[in-house]
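Asks:
Residue numbers (the working numbering): 1 to 599.
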């Protein structure tokens, strides 16, 4: 499992992208496929409405970029709502069915908007509040969603859909999945989903011609740690794993009988300093920030497992267009300047050689660590003595699970945290993860768990979500990266590879397994290409863990590996990623969704 990765689907930095996050981790941005840049294809104000025209399946499949309305795409059903400012239109695939044979459609979209916007504790973003109408389009399977404002981060929407006919009340789905988990969609049905496994079987609901698969069932198993994943793979109990990068996993997978590949998907590991607690004093925060020798950390922790690598100086992002020529964090280490500024402010060393302020008060820094993670342990072994020598006392609080780590991050009861994040390049995701307004509240789970909050950055992010010029948008993102360095809240460390390992004697073909590693998550599109080679009919895939809760609307069910894949298998969404960087449309829809600015 890719430990501590922000998903497309949820705010958790632990495991995940659409992530979908979780997996999914999703706004207008990143480059390529359905995501041209944060403004996507520049959204143009339309003065006329395209006439509906059915899109042939072959033509639809070839379209691969979010764009504005064209005559080839059936979009608008008249009359347009009086207060509508923007329309998002997407057309479900012909084979988009629920396991009971019900076609996925507009009622499910309405239910999803209602559930994510109204359920207490929902992970739904604020943009759902801007939806004023959801209606059927004038072409088959077409859905039109209207907003009362321009929603630049539309790719964080509809990363999951609920089956309306299976839910008693869409306005509050808090208890909707207590007795039965979501049952899958499309080509897979969920035969079982609990804390021990997720079992998927091919389903051909709605298909007149059955598609043949190279297996009878897929079983995804939560193992607990990457080290255990490696042991189970070597012993033959599991066929495929997607482990975190650590010295023990790299060494354990150095076996000629195993397939093992690493991919640069833009994942990165970063250090965050909250603006509350001991770091509420900007002087103390800056002094600590200046005292972290990132070069030494890379040499001691990352080089042994990554080989030749360098400190990353762009920020907590890796997208080429955002990072071209940008190194705002270069030269961050200056321990002498840190000591001088503290001394001039009246700080002194106590009897144990730790910094204390002018009143004699010690400042202990709470470092939140995800327990039982080899790379985190290596960081602790390196950073604690480094900072002790600089006069900073670190109190390491190790938590036992991904979910506790995620909850503690969101609660904000920590001073320092280091974790990895996916390389998904999307302005909506970036803004949600770094906006003051996205801190969690009693009413809503926020996407900002890193503690960064800066009024000037908020203004830049707000503009980036609405600006129509791509160059201006990139400039705003780069300005935010500069603010992160100037305010001393963030220290980027390194880029990390994503990995996949498998047993070539039990599962293949190699290119199909490799495709999982290339995207960094599990998706329907990739899993259908796998073949069982040992004749038992079952392919076992090991991941680290997911929550006992299977509610895709609540944070309890959207943490952990829900974000990196199992959620996308059980709950359909219109977004996915093929490369771990750019967001594209999933096989749930015929082509990339279209955005039209109406006024």
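By construction, the Cβ of each residue, glycine as well, lies at the ideal position given by its N, Cα and C atoms. No experiment lies behind these values; they were computed from the predicted model shown.
1) Does the segment 349 to 362 come into contact with the segment 320 to 336, if we say contact requires no fewer than three beta-carbon pairs (one atom in each stretch) closer than 8 Å?
2) Less than 7 Å separating the beta-carbons of residue 501 and residue 306?
3) Can you tell which of 196, 405 and 585 has the C-alpha that lies nearest to the C-alpha of residue 606?
4) Among 292, 342 and 202, which has the Cα closest to the Cα of residue 538?
5) I need the DSSP call for residue 349, collapsed to helix, strand or coil.
6) Locate the beta strand (DSSP E) running through residue 395, then write down its first and last residues.
7) Quick one, are the C-beta atoms of residue 603 and residue 382 less than 7 Å apart?
8) Taking 8 Å as the cut-off, does the segment 88 to 108 touch the segment 136 to 154 (at least 3 CB pairs, one atom from each stretch)?
9) Give me the Cα-Cα distance between residue 163 and residue 296, rounded to the nearest whole angstrom.
10) Taking the alpha-carbon of residue 499 as reference, which of 408, 546, 267 and 450 has the nearest alpha-carbon?
11) Are at least three pairs of beta-carbons, each pair with one atom in the segment 263 to 277 and one in the segment 508 to 527, less than 8 Å apart?
12) Look at residue 219 and residue 197 and say whether their C-beta atoms are less than 7 Å apart.
13) Measuring CB to CB, does residue 432 end up less than 7 Å from residue 414?
14) Give me the residue from 428, 441, 246 and 132 with the minimum Cα distance to residue 463.
15) Quick check: the segment 122 to 134 against the segment 565 to 582, are at least 3 beta-carbon pairs closer than 8 Å?
16) Looking at C-alpha atoms only, which residue of 513, 235, 567 and 287 is the closest neighbour of residue 355?
17) In angstroms with no decimal places, state the Cα-to-Cα distance between residue 96 and residue 466.
18) Just grab the DSSP bridge partners of residue 146 for me.
19) If we count Cβ pairs, one from each stretch, closer than 8 Å, do we get three or more for the segment 146 to 161 versus the segment 96 to 111?
20) From the DSSP output, in three-state form, read off residue 164 for me.
21) So for residue 183, helix, strand or coil by DSSP?
22) Residues in the same chain with beta-carbon distance under 6 Å from residue 57, minus the five sequence neighbours each way, listed in chain order, please.
23) What does the Cβ neighbour count give for residue 274, buried or exposed, with the cut at 16 atoms within 10 Å?
24) If residue 507 sits next to residue 533, beta carbons under 8 Å apart, how far is it from one beta carbon to the other, in whole angstroms?
25) Count the other CB atoms within 10 Å of the CB of residue 244; is the residue buried (16 or more) or exposed (fewer)?
26) Is there contact here, the segment 548 to 557 with the segment 171 to 183, by at least three beta-carbon pairs under 8 Å?
27) Closest to residue 189 by CA distance: which of 377, 200, 436 and 408 is it?
28) Short of 7 Å in beta carbon distance, which residues of its chain neighbour residue 214, apart from the five on each side in sequence? Order them along the chain.
29) In the DSSP assignment, find the beta strand (DSSP E) that holds residue 499 and state where it starts and stops.
30) Tell me the DSSP bridge mates of residue 554?
31) Rounded to the nearest angstrom, what separates residue 60 and residue 153 at their Cα positions?
32) Where residue 325 and residue 580 are concerned, what is the direct C-alpha to C-alpha distance, given to the nearest angstrom?
33) Using 10 angstroms around the beta-carbon of residue 649, count the other beta-carbons present and answer buried if the total reaches 16, otherwise exposed.
34) How is the beta strand (DSSP E) around residue 198 delimited, first residue to last?
35) Helix, strand or coil, according to DSSP, for residue 224 in the structure here?
36) Take residue 350 and list the residues in its own chain whose beta-carbon comes closer than 8 Å to its own, dropping the five residues that flank it on each side.
Replies: Taking the structure as given:
1) Under the Cβ criterion (8 Å, minimum of three pairs), the segment 349 to 362 does not count as touching the segment 320 to 336.
2) As a position in the chain shown, residue 501 is number 501, starting the count at 1. As a position in the chain shown, residue 306 is number 306, starting the count at 1. Not in contact: residue 501 and residue 306 (Cβ atoms no closer than 7 Å).
3) Only positions 1 to 599 of the chain appear in this structure, which leaves residue 606 out of reach.
4) Residue 538 sits at position 538 when you count from the first residue of the chain shown. Out of 292, 342 and 202, 202 has the C-alpha closest to the C-alpha of residue 538.
5) If you number the chain shown from 1, residue 349 lands on position 349. DSSP, reduced to helix, strand and coil, places residue 349 within a strand of the structure shown.
6) Residue numbering aside, residue 395 sits at position 395 when the chain shown is read from its first letter. From DSSP, the beta strand (DSSP E) with residue 395 extends over 393 to 399.
7) Because the chain is modelled from 1 through 599, residue 603 falls outside the range shown and cannot be assessed.
8) Taking a contact to require three or more Cβ pairs closer than 8 Å, the segment 136 to 154 and the segment 88 to 108 qualify as touching.
9) Residue numbering aside, residue 163 sits at position 163 when the chain shown is read from its first letter. Residue numbering aside, residue 296 sits at position 296 when the chain shown is read from its first letter. Those two C-alpha atoms are separated by around 52 Å.
10) Numbered from its first residue, the chain shown carries residue 499 at position 499. Answer by Cα proximity: 267.
11) Per the Cβ contact rule, the segment 263 to 277 is in contact with the segment 508 to 527 (3 or more Cβ pairs under 8 Å).
12) By 1-based counting over the chain shown, the position of residue 219 is 219. By 1-based counting over the chain shown, the position of residue 197 is 197. Yes. Within cutoff.
13) Counted from its first residue, the chain shown places residue 432 at position 432. Counted from its first residue, the chain shown places residue 414 at position 414. One thing to note: residue 432 has its Cβ no nearer than 7 Å to the Cβ of residue 414.
14) On the chain shown, position 463 is the one that residue 463 refers to. The residue with the shortest Cα to Cα distance from residue 463 is 428.
15) Not touching, per the Cβ criterion.
16) Translated into positions along the chain shown, residue 355 becomes position 355. The option with the nearest alpha carbon to residue 355 is 287.
17) Sequence index remark: in the chain shown, residue 96 carries index 96 (1-based). Sequence index remark: in the chain shown, residue 466 carries index 466 (1-based). Cα to Cα, the separation comes out at about 32 Å.
18) Start at 1 with the first residue of the chain shown, and residue 146 comes out as number 146. Residue 146 is bridged to 87 and 133.
19) Verdict: yes, contact present.
20) Mapped onto the chain shown, residue 164 falls at position 164. Helix at residue 164.
21) Taking the chain shown and counting its residues from 1, the one referred to as residue 183 is at position 183. DSSP places residue 183 in coil when its eight states are reduced to three.
22) One-based indexing of the chain shown puts residue 57 at position 57. Note that residue 57 scores 42 on pLDDT, short of 50, meaning its location in the model is unreliable and no value can be drawn from it.
23) By 1-based counting over the chain shown, the position of residue 274 is 274. A residue is called buried once 16 or more other Cβ atoms fall within 10 Å of its Cβ, and residue 274 is buried on that count.
24) The residue given as residue 507 occupies position 507 in the chain shown. The residue given as residue 533 occupies position 533 in the chain shown. With a Cβ gap of about 6 Å, residue 507 and residue 533 count as contacting.
25) In the chain shown, the residue the question calls residue 244 occupies position 244. With 16 or more Cβ atoms within 10 Å of its Cβ, residue 244 is classed as buried.
26) The segment 548 to 557 vs the segment 171 to 183: in contact.
27) As a first step, residue 189 must be located in the chain shown, where it is residue number 189. The candidate whose alpha carbon is nearest that of residue 189 is 200.
28) Here the question's residue 214 lines up with position 214 in the chain shown. Closer than 7 Å at the Cβ level, and outside the excluded window around residue 214, lie 530, 531 and 532.
29) Looking up residue 499 in the chain shown gives position 499. Start and end: 490 to 502.
30) For the purposes of this step, residue 554 is taken as the residue at position 554 of the chain shown. Answer is 122.
31) Position 60 of the chain shown, counted from the first residue, corresponds to residue 60. Position 153 of the chain shown, counted from the first residue, corresponds to residue 153. Legend: pLDDT at residue 60 = 40, less than 50; position of this residue unreliable, value from coordinates given subsequently. Between the alpha carbons of residue 60 and residue 153 lies a gap of roughly 23 Å.
32) Indexing the chain shown from 1 puts residue 325 at position 325. Indexing the chain shown from 1 puts residue 580 at position 580. Here the alpha carbon of residue 325 sits roughly 22 Å from the alpha carbon of residue 580.
33) No answer is possible for residue 649: the residues shown for the chain start at 1 and end at 599.
34) In the chain shown, the residue the question calls residue 198 occupies position 198. Looking at the DSSP string, the run of the beta strand (DSSP E) that includes residue 198 is 198 to 202.
35) For this step, residue 224 is matched to residue 224 along the chain shown. Residue 224: coil per DSSP, three-state reduction.
36) For the purposes of this step, residue 350 is identified with residue 350 of the chain shown, where counting begins at 1. Cβ within range, chain order: 356, 360 and 362.
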